[in-house]
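The structure appears below as structure tokens.
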Amino acid sequence: MRSDRRATAALVLLCAAVFLDSMDLSLMGVALPAIGADLALPDSTLQWLMSGYAVAYGGFLLLGGRLADLLGRRRMFLASLAVFAAASLAGGLLSDGWPLVATRVVKGVAAALTAPAALSLITTTFAEGPRRNRALGVYALAGATGYSAGLIASGLLTEVSWRLVFFLPVPIALLVLAVAPRVIPAGRTTGPRTGFDTAGAGAVTGGVLLLVYALTETDWPAGAAALVLLGAFVVIERRRRDPLVPLGVFRSRRLTSANLAALAWACATIGWQFAAVLYLQGVLGYSALDTGLGIVPMGLAIVVTANLAGRLIGRWGLRRTAALGLLVQGAGILLFLRTGASSGYATVLLPALIVHGVGNGLSFPSLNIAAVGALPDDRQGLASGLVTSAVQIGAGIGVAVLAAVMAIPASALDGYRAAFLTAGSFSLLGALIACLGLGTRAEPAAGEPAADEPTTSAPTSTSA
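Okay, structure coming up:
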């Protein structure tokens, strides 16, 4: 009983960390216009306040997952969370554009080390089966809630001062740091301790960073350099005896499909957020507070649906739940094509926000469970690093692509509609990937049902 209480307390703290990571990504969205006006920053710099975090997060996640496996999950979790808090505090005190972006990049790196450590601590604390699935359901719910809370809190705080957006994560992180050593097990690394793949880590991190930079700035030489580095990463991983990412894991159709679908999911929903916030404030004239409050129904839809996702996974299976969620999310985004220069909230915006939220809450938990369930316990740092990396790389790509699309049409309104169409298409692509790829797995564990079949081990609630 005491061990159960300790495991539940550990789960709460670990979920608080993913809540912070998700909240920090969405916190910037509503505050961008206020930051730009106060500091006289151009749109290109403002974009990097979102993209810098997402790109660094995605670029360093594989490194973070491997370090968690090699150096200790609790150690990595606590150290990176401390850096996250320090960078948040620094960001709230700065008044220059690029130093402010630098704090966001540092926070992205810290989050990249925190997230896989937290997720792998959950999967190694709770045995595979109903308890682990319930814990993963709570984890996914925390991420969805953090994303929604960030959108809402950003509007409320920006009305007072945009600096509060940077300060908000600090007390939460400090509270987790104070309590975590008492309840989170130290754990031990499993399997033989091997060398660290420095060359592979450098190649994949540099390649991802350059790729999103190239998309953001339309820099073809940077794009070519990114492809060279990513190609070098593949070559390095094939030759190393102890690679950062054993390429053999991608023989699992379930793992590969879950990660590709997660990337498309993030391109859609994070890219949509970037365009939608600018549309609400730039075209409809919403204040930061109006924007935050206007998005509340979407946040509530995400939280409620994510809380029910476990039951639907148990009834329908991962493939059907994930594909349906991505289809519904895409429908909600495409409903924004109805927007105009004076769109009514109740008749145009509210239905689109609710539909988007329902699809988001269904798809996010499903893709996470599918991804981490494809690898054994000693590879959970890698599994969680891969899926979280896919989400954050997708976020960076989505913002970059939609920003480029918005600049093509002659009118701003047409640019926003083109962005919404592109974001919706990303979500529909993710639904297709989930439908085709999550139905089977390359090497199912003994006694485990196929991913497209209902399973009694899926969570029936999100309480652990």
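The sequence shown begins at 0 in numbering that gives the first Met the number 0 and counts up by one.
Ideal placement from N, C-alpha and C gives every residue a C-beta, glycine not left out.
Given the structure is predicted, the values throughout are model-derived calculations rather than measurements.
Would you report the Cα separation of residue i and residue j, rounded to the nearest angstrom?
{"i": "Pro180", "j": "Leu61", "result": "25 angstroms"}
{"i": "Thr320", "j": "Leu361", "result": "7 angstroms"}
{"i": "Gly142", "j": "Leu19", "result": "8 angstroms"}
{"i": "Ala287", "j": "Ile34", "result": "11 angstroms"}
{"i": "Ala78", "j": "Leu69", "result": "15 angstroms"}
{"i": "Gly230", "j": "Ala55", "result": "20 angstroms"}
{"i": "Gly64", "j": "Gly384", "result": "5 angstroms"}
{"i": "Leu209", "j": "Leu167", "result": "30 angstroms"}
{"i": "Thr124", "j": "Ala394", "result": "29 angstroms"}
{"i": "Cys434", "j": "Thr157", "result": "40 angstroms"}
{"i": "Val302", "j": "Ile151", "result": "13 angstroms"}
{"i": "Leu24", "j": "Leu38", "result": "20 angstroms"}
{"i": "Tyr285", "j": "Gly201", "result": "43 angstroms"}
{"i": "Ala101", "j": "Ser50", "result": "11 angstroms"}
{"i": "Gly329", "j": "Ala322", "result": "11 angstroms"}
{"i": "Glu236", "j": "Leu283", "result": "50 angstroms"}
{"i": "Ala81", "j": "Ala9", "result": "17 angstroms"}
{"i": "Leu93", "j": "Arg239", "result": "43 angstroms"}
{"i": "Ala224", "j": "Ser365", "result": "34 angstroms"}
{"i": "Ala67", "j": "Ser410", "result": "48 angstroms"}
{"i": "Leu431", "j": "Ile121", "result": "29 angstroms"}
In three-state DSSP terms, what is residue i?
{"i": "Val11", "result": "helix"}
{"i": "Val282", "result": "coil"}
{"i": "Ala257", "result": "helix"}
{"i": "Arg130", "result": "helix"}
{"i": "Ala67", "result": "helix"}
{"i": "Gly343", "result": "coil"}
{"i": "Arg4", "result": "helix"}
{"i": "Leu19", "result": "helix"}
{"i": "Leu374", "result": "coil"}
{"i": "Val244", "result": "coil"}
{"i": "Arg239", "result": "coil"}
{"i": "Ala406", "result": "coil"}
{"i": "Leu38", "result": "helix"}
{"i": "Phe125", "result": "coil"}
{"i": "Pro184", "result": "coil"}
{"i": "Ile294", "result": "coil"}
{"i": "Thr217", "result": "coil"}
Please determine, among the options, the residue with the shortest C-alpha to C-alpha distance to residue i.
{"i": "Ser153", "options": "Gln46, Met22, Leu381", "result": "Met22"}
{"i": "Gly199", "options": "Leu214, Asp241, Ala223", "result": "Asp241"}
{"i": "Thr304", "options": "Tyr52, Thr144, Leu13", "result": "Thr144"}
{"i": "Gly309", "options": "Gly136, Leu13, Ala111, Thr7", "result": "Gly136"}
{"i": "Leu325", "options": "Gly358, Trp315, Gly90", "result": "Gly358"}
{"i": "Val104", "options": "Gln391, Gly436, Ala430, Leu401", "result": "Gln391"}
{"i": "Val233", "options": "Gly247, Ala221, Pro41, Ser94", "result": "Gly247"}
{"i": "Leu317", "options": "Thr102, Pro98, Ile368", "result": "Ile368"}
{"i": "Gln272", "options": "Leu13, Ala9, Ala30, Leu10", "result": "Ala30"}
{"i": "Ala382", "options": "Leu140, Ala261, Val354", "result": "Ala261"}
{"i": "Thr338", "options": "Trp47, Thr268, Ile171, Ala417", "result": "Ala417"}
How would you write the range of the alpha helix (DSSP H) that residue i sits in, first residue to last?
{"i": "Arg162", "result": "162-166"}
{"i": "Ser87", "result": "72-92"}
{"i": "Thr320", "result": "317-333"}
{"i": "Ser251", "result": "Where Ser251 is concerned, there is no enclosing alpha helix (DSSP H), given that its DSSP letter is neither H nor E."}
{"i": "Thr421", "result": "411-436"}
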